[in-house]
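Just so you know, we're using the numbering used here here: the sequence shown kicks off at 80 and counts up by one. Each residue gets a CB set at the ideal place from its N, CA and C atoms; glycine is no exception. Quick notes on the structure that follows.
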Amino acid sequence: MDILVMLEENPDHSPVLAHVNSVPSPLHSSERPSRDIVTLYGVPDPESVALALAAAVESHRSDDGRTEQIRHLGVWPERGAVGDAAWRDSEGQLVTCDLEISLESLHSTANQLLSECGQLIRRLVAGLSMPDWPEGARRAISVSIGPIAGITAPVFAPLESVIERLREADGLAFDTEGD
Numbered sequence: 080m081d082i083l084v085m086l087e088e089n090p091d092h093s094p095v096l097a098h099v100n101s102v103p104s105p106l107h108s109s110e111r112p113s114r115d116i117v118t119l120y121g122v123p124d125p126e127s128v129a130l131a132l133a134a135a136v137e138s139h140r141s142d143d144g145r146t147e148q149i150r151h152l153g154v155w156p157e158r159g160a161v162g163d164a165a166w167r168d169s170e171g172q173l174v175t176c177d178l179e180i181s182l183e184s185l186h187s188t189a190n191q192l193l194s195e196c197g198q199l200i201r202r203l204v205a206g207l208s209m210p211d212w213p214e215g216a217r218r219a220i221s222v223s224i225g226p227i228a229g230i231t232a233p234v235f236a237p238l239e240s241v242i243e244r245l246r247e248a249d250g251l252a253f254d255t256e257g258d
């Protein structure tokens, strides 16, 4: 799961902890996979980053296999995540639905992310908090998470990639270019 985490240093204009937006891959492009963009407001800490990342993970669980969905969520530390999703159906009609992810679900996923990816999240927080970013530069760091047992593996690891990883682990994968 590819995520661009950005820091908006001036949280005055936003009452939310973070925004999570999805950007699907172009229709006929396998070069650029879908990506989530997480915008954090205020001073980041591991718990707030984990909560925002949990909203991104949980939003993928609710997509019913529609990878071309565009999602927008606001994450509130006391309410959970609220937003909407939009996609085109088989006839080309725009379909929208409301999304709501409970605070309990976000905390559960955030705790699992912290236990399995805690070091990555702490390094992400440290990178976003570094004082020596170039003036005028947007504080943004791209990360990939997953598969994480019980969270992202069933959602983000297609069967072919799981089988390929198993073959490589068994030493069954080989390069045939030189043959």
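{"query": "Leucine 185: which of Leu130, Ile220, Glu170 and Ile224 sits nearest, CA to CA?", "result": "Leu130"}
{"query": "Take glycine 162 as the anchor and find which of Ser169, Glu170 and Gly153 has the nearest alpha-carbon.", "result": "Gly153"}
{"query": "Pair every Cβ in the region 130 to 139 with every Cβ in the region 88 to 102, then say whether three or more of these pairs are closer than 8 Å.", "result": "yes"}
{"query": "Please list the segments of the alpha helix (DSSP H) lying wholly inside the region 156 to 237, counting only runs of 4 or more residues, in order along the chain.", "result": "182 to 208 and 232 to 235"}
{"query": "Enumerate in chain order the residues of its own chain whose CB-to-CB distance from valine 95 is below 8 Å, with the five nearest sequence positions on each side excluded.", "result": "Tyr120, Gly153, Val154 and Trp155"}
{"query": "Taking the beta strand (DSSP E) that glutamate 87 belongs to, which residues open and close that run?", "result": "81 to 87"}
{"query": "Under the assumption that serine 223 contacts methionine 80 (Cβ atoms under 8 Å), give the Cβ distance between them as a whole number of angstroms.", "result": "7 Å"}
{"query": "Taking the Cβ atom as the reference point for each residue, do isoleucine 200 and leucine 207 lie within a distance shorter than 8 Å?", "result": "no"}
{"query": "Let's see if you can read the secondary structure: which residues bound the alpha helix (DSSP H) around valine 117?", "result": "From DSSP, valine 117 is part of no alpha helix (DSSP H) but of the beta strand (DSSP E) over 114 to 120."}
{"query": "For the putative contact between serine 181 and glycine 159, defined by C-beta atoms under 8 Å, what is the C-beta separation to the nearest angstrom?", "result": "5 Å"}
{"query": "Using the DSSP secondary-structure output, state which residues sit across from arginine 150 in a beta bridge.", "result": "Ala164"}
{"query": "Using the C-alpha atoms, what's the distance from arginine 218 back to proline 210?", "result": "10 Å"}
{"query": "To which residues of the same chain is tryptophan 212 closer than 6 Å at the C-beta, ignoring the five residues directly before and after it?", "result": "Arg218"}
{"query": "Check for me: the alpha helix (DSSP H) holding valine 260 runs from which residue to which?", "result": "For residue 260 there is no data in the structure shown, the boundaries of the chain being 80 and 258."}
{"query": "Going by the beta-carbon positions, is the gap between alanine 189 and cysteine 176 smaller than 8 Å?", "result": "no"}
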